[in-house]
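First the structure, in the form of structure tokens, and then the observations on it.
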Amino acid sequence: MKPLTATHVKYFHLCQRKLWLFDRDVWMEHTSEAVAAGELLHQTAYPQRAERYREISIGGSRIDFYDPQRKVVHELKKSNKMEASNVAQVKYYLWLLEAHGVEGPTAILEYPKLRQTQAVDLTAEDRARIPGELAAMRTLLADETTCPPVINKPFCKQCAYYEFCYVAE
Amino acid sequence: MKKTYYLFNPGRLSRQDNTLKYTAYDEAGAEGQTRFLPIEDVADLYVFGALDANSALYNFLGKNGVSVHFFDYYEHYTGSFMAKEYLLAGRLQVAQTGHYTSLPKRLVLARKLVEGAAFNLLKNLRYYQSRGREVGAEIAQMELYVAALPHATTIAEIMGYEGNIRQTYYRCFEQLVRVPGFTFDKRSTQPPQNELNALLSFGNMLCYAACLSQIYHTQLNPTISFLHEPGSRRFSLALDMAEIFKPLLVDRTIFRLLNKKEIQPRDFVRELDGCLLKETGRKTFVRVFEERLKETIQHRRLNRTVSYQHLIKLECYKLTKHLLAMEEYQPFKAWW
Ligand code: SF4
Chain A
403 MKPLTATHVK YFHLCQRKLW LFDRDVWMEH TSEAVAAGEL LHQTAYPQRA ERYREISIGG
463 SRIDFYDPQR KVVHELKKSN KMEASNVAQV KYYLWLLEAH GVEGPTAILE YPKLRQTQAV
523 DLTAEDRARI PGELAAMRTL LADETTCPPV INKPFCKQCA YYEFCYVAE
Chain B
167 MKKTYYLFNP GRLSRQDNTL KYTAYDEAGA EGQTRFLPIE DVADLYVFGA LDANSALYNF
227 LGKNGVSVHF FDYYEHYTGS FMAKEYLLAG RLQVAQTGHY TSLPKRLVLA RKLVEGAAFN
287 LLKNLRYYQS RGREVGAEIA QMELYVAALP HATTIAEIMG YEGNIRQTYY RCFEQLVRVP
347 GFTFDKRSTQ PPQNELNALL SFGNMLCYAA CLSQIYHTQL NPTISFLHEP GSRRFSLALD
407 MAEIFKPLLV DRTIFRLLNK KEIQPRDFVR ELDGCLLKET GRKTFVRVFE ERLKETIQHR
467 RLNRTVSYQH LIKLECYKLT KHLLAMEEYQ PFKAWW
């Protein structure tokens, strides 16, 4: 089985159907303008930061901006609409860092467009919750024939899978 | 928006920085006009004339996800250069293969494909029937074949019905195209024997290539098909898909071209063994076909306007959902 990544965690909190499809490599992101905009954001938001931060790969996930001196993960987001899933994703980074022996890492979610930042810590609750969540994900993904249903939320309209999910005839 | 480019004339294609450079050759083989195409504007290339190119160019095209489709003198599709298959999905491939190797599963899909194709063919005939053409007998006959589809137990049988449906449909062409200079006795290919057949062959080939391009941007494997036998052409899934879209994309384009006299007998050459579209005719056809692909309709499920070209992609999505046991495939049936 492929390792679960931070993207899995994010999707788990966003939409389990999206998670299921993504895990099967049925991905739509290559056609999505929102994703292209996100990539552009990464390239243009803080061009001067390349020196202070490192990109690291850890447990199958990639952290784009990590400050090893201060042990801070920086994560850039376009908007704070998906706040809960953004937070879950970043907490998973922290959990991975701890699992790899980094003590007391913290994170900052940054919304450059909104000129906002948000500090994120890993709590005792998170440490108890995350392993169970990963196990639940593995069970869900192992099921070959039961894709989780369409969630029918306003968010679907912006989702790269919208047409895939809603086209029927 | 990325575009499909058609290269009709012989010439050389090369890379210049991040741009494609196309130099046409004149009749004597000397270099003529040069054109530049920014690579990010190119979806794919269709090559009809002799093309000179080197591997550096193909590396460049491959890196940018641009495929090149080749056609011979008779406008038959001969092959493709496909950029590395960047979207293949392991588990979907396994599922797709499973739906081919299991006869009951394959029958379901093959039937649906023919059902969808027949519906769209009938749609064309009904349109003309409402305008007073006498095609009632053929419609009734085709409906009988459609009704028999659920009883077919082999792929050969389904293919047989498909053939019958088409033959009956083509019998109406004489009725539908009432333009002097165009006759149609029966469907002939390789090479087409008259003007109408030449148009059908050319159009069907364009439709096949359009389906191939769309499939390529999904995770389906274009070589595994359900109605047609894989291997009947390299990318036989495109043949399956084309069945559904030919009535709307190709046949209606032909009716328009002829009824509006945009293509005339002088746009063809008759040779000893067949009939071919001349370059003038091909250019007109491609232009109208492209317009057709870009034409939009309001999608009744998605609440969005989508182009005909995009409908092909949506068809790929539905097929994907069927293969992953998410939702049973319902073929596209023109609803407007
Ligand atoms: S469109 Fe809606 S249901 Fe489908 S994956 Fe996206 S969020 Fe989930």
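First to last, the sequence lines map onto chains A and B. Residue numbers for the first sequence follow the numbering used here, so the first one is 403 and each next one is one higher. Residue numbers for the second sequence follow the numbering used here, so the first one is 167 and each next one is one higher. All C-beta atoms in this analysis are idealised placements derived from N, C-alpha and C, irrespective of residue type, glycine included. Being a predicted model, the structure only gives us computed values, none of them experimental.
1) In whole angstroms, what is the alpha-carbon distance linking Glu-435 (chain A) and Lys-168 (chain B)?
2) Would the C-beta of Arg-257 (chain B) count as close to the ligand SF4, meaning under 7 Å from any of its heavy atoms?
3) Do you know offhand how far Arg-299 (chain B)'s Cα is from Arg-353 (chain B)'s?
4) For Leu-443 (chain B), is the classification buried or exposed, using 16 other Cβ atoms within 10 angstroms of its Cβ as the cut-off for buried?
5) How do the segment 345–359 of chain B and the segment 221–235 of chain B stand: do at least 3 beta-carbon pairs fall below 8 Å, yes or no?
6) Beta carbons nearer than 8 Å to chain B: which residues of the segment 527–545 of chain A have them?
7) Could you pull out every unbroken alpha helix (DSSP H) segment of at least 4 residues lying fully inside the segment 239–292 of chain B, listed in chain order?
8) Could one say the Cβ of Phe-174 (chain B) lies closer than 8 Å to chain A's Cβ atoms, at least one of them?
9) Can you list the residues of chain A that Met-248 (chain B) reaches, using a CB-CB cut of under 8 Å?
10) Give the residues whose C-beta lies closer than 5 Å to at least one heavy atom of the ligand SF4, in chain order.
11) What residues from chain A crowd round Thr-486 (chain B), counting only those whose CB sits closer than 7 Å?
12) Considering only residues of the same chain and omitting the five flanking positions on each side of Leu-423 (chain B), which have a CB-CB separation below 8 Å?
13) Kindly indicate which residue of B:Arg-332, B:Ala-303, B:Val-213 and B:Gln-475 has the alpha-carbon position closest to the one of Gln-380 (chain B).
14) Arg-458 (chain B) lies in the alpha helix (DSSP H); which residues open and close that run?
15) Quick one: using the 10 Å Cβ neighbour count with 16 as the cut-off for buried, is Ser-233 (chain B) buried or exposed?
16) Taking C-beta pairs closer than 8 Å, name the residues in chain A that Lys-499 (chain B) reaches, listed in chain order.
17) Let me know the secondary structure DSSP gives His-488 (chain B) once reduced to three states.
18) I'd like to know whether the C-beta of Gln-199 (chain B) is nearer than 8 Å to at least one C-beta of chain A.
19) Could you name the residues of chain A that Leu-468 (chain B) contacts, counting a contact when the two beta carbons are closer than 8 Å?
20) Are the segment 354–362 of chain B and the segment 308–316 of chain B touching by the rule of at least three beta carbon pairs closer than 8 Å?
21) Spell out whether any CB of chain B is found under 8 Å from the CB atom of Cys-549 (chain A).
22) Run through chain A and tell me which residues come within less than 7 Å of Ala-491 (chain B), C-beta to C-beta.
23) Per DSSP, what are the beta-bridge partners of Ser-180 (chain B) in this structure?
24) If we define contact as Cβ-Cβ less than 8 Å, is Gln-385 (chain B) a contact residue for chain A?
25) Please go through the same chain and pick out, in chain order, the residues whose beta-carbon is closer than 8 Å to the beta-carbon of Lys-420 (chain A), but skip the five residues on each side of it.
26) Do Asp-210 (chain B) and Thr-185 (chain B) have their beta-carbon atoms positioned less than 8 Å apart in this structure?
27) So Arg-415 (chain A) is in the alpha helix (DSSP H); what residue range does that whole segment cover?
28) Using only alpha-carbon positions, find the residue among B:Tyr-327, B:Gln-464, B:Pro-357 and B:Met-308 that is nearest to Cys-338 (chain B).
29) So which residues on chain A does Tyr-483 (chain B) lean against when the C-beta distance must stay under 8 Å?
30) Using the three-state DSSP reduction, which class does Glu-571 (chain A) fall into: helix, strand or coil?
From the atom records:
1) In the first sequence, counting from the first residue as 1, residue 435 (chain A) sits at position 33. In the second sequence, counting from the first residue as 1, residue 168 (chain B) sits at position 2. Unreliable placement is indicated for Glu-435 (chain A), whose pLDDT of 49 sits below 50; the coordinate value is still reported in the next sentence. Their Cα atoms are separated by approximately 13 Å.
2) Start at 1 with the first residue of the second sequence, and residue 257 (chain B) comes out as number 91. Every heavy atom of the ligand SF4 is 7 Å or more from the Cβ of Arg-257 (chain B), so no.
3) As a first step, residue 299 (chain B) must be located in the second sequence, where it is residue number 133. As a first step, residue 353 (chain B) must be located in the second sequence, where it is residue number 187. Each residue's Cα considered, the two are about 20 Å apart.
4) Working through the second sequence from its first residue, we reach residue 443 (chain B) at position 277. With 16 or more other Cβ atoms within 10 Å, it is buried.
5) no
6) none
7) 256–267
8) If you number the second sequence from 1, residue 174 (chain B) lands on position 8. With 8 Å as the cut-off, Phe-174 (chain B) does not count as an interface residue toward chain A.
9) As a working mapping, residue 248 (chain B) is identified with position 82 in the second sequence. Those do not exist, as Met-248 (chain B) stays about 16 Å from chain A at its closest Cβ, beyond 8 Å.
10) A:Cys-417, A:Arg-419, A:Lys-420, A:Val-552, A:Ile-553, A:Cys-558, A:Cys-561, A:Tyr-563, A:Tyr-564 and A:Cys-567
11) Counting from 1 along the second sequence, the entry for residue 486 (chain B) is found at position 320. Near Thr-486 (chain B) (Cβ distances below 7 Å), the residues of chain A are Val-428.
12) In the second sequence, the residue the question calls residue 423 (chain B) occupies position 257. Answer for Leu-423 (chain B): Leu-365, Ile-429, Thr-450, Phe-451 and Val-454, listed in chain order.
13) Mapped onto the second sequence, residue 380 (chain B) falls at position 214. Here the closest residue by C-alpha is B:Gln-475.
14) As a first step, residue 458 (chain B) must be located in the second sequence, where it is residue number 292. Unbroken alpha helix (DSSP H) run through Arg-458 (chain B): 445–460.
15) Here residue 233 (chain B) refers to the residue found at position 67 when the second sequence is read from its first residue. Buried, by the Cβ-count rule.
16) By 1-based counting over the second sequence, the position of residue 499 (chain B) is 333. Those are Glu-571, listed as they occur along chain A.
17) To locate residue 488 (chain B), count along the second sequence from 1; it is residue 322. Here His-488 (chain B) sits in helix by DSSP.
18) Taking the second sequence and counting its residues from 1, the one referred to as residue 199 (chain B) is at position 33. No, because no Cβ of chain A sits closer than 8 Å to the Cβ of Gln-199 (chain B).
19) Here the question's residue 468 (chain B) lines up with position 302 in the second sequence. Correct list: Tyr-564, Glu-565, Tyr-568 and Val-569.
20) no
21) Residue mapping note: residue 549 (chain A) aligns to position 147 of the first sequence, counting from 1. Chain B contact via Cβ: present.
22) For the purposes of this step, residue 491 (chain B) is taken as residue 325 along the second sequence, with counting starting at 1. Those are Thr-547, listed as they occur along chain A.
23) To locate residue 180 (chain B), count along the second sequence from 1; it is residue 14. In DSSP, Ser-180 (chain B) forms a bridge with B:Lys-187.
24) Along the second sequence, read from residue 1 onward, the residue named residue 385 (chain B) stands at position 219. For Gln-385 (chain B), the answer is yes, since a Cβ of chain A falls inside 8 Å of its Cβ.
25) For the purposes of this step, residue 420 (chain A) is taken as the residue at position 18 of the first sequence. Hits under 8 Å: Tyr-413, Cys-561 and Tyr-563.
26) On the second sequence, position 19 is the one that residue 185 (chain B) refers to. On the second sequence, position 44 is the one that residue 210 (chain B) refers to. Cβ atoms of Thr-185 (chain B) and Asp-210 (chain B): not closer than 8 Å.
27) As a position in the first sequence, residue 415 (chain A) is number 13, starting the count at 1. At residue 415 (chain A) the sequence reads His, which differs from the Arg that was named. That run of the alpha helix (DSSP H) goes 408–416.
28) As a position in the second sequence, residue 338 (chain B) is number 172, starting the count at 1. When each option's Cα is compared against that of Cys-338 (chain B), the closest is B:Met-308.
29) Position 317 of the second sequence, counting from 1, holds the residue named residue 483 (chain B). Correct list: Glu-565, Phe-566 and Val-569.
30) As a first step, residue 571 (chain A) must be located in the first sequence, where it is residue number 169. Coil.
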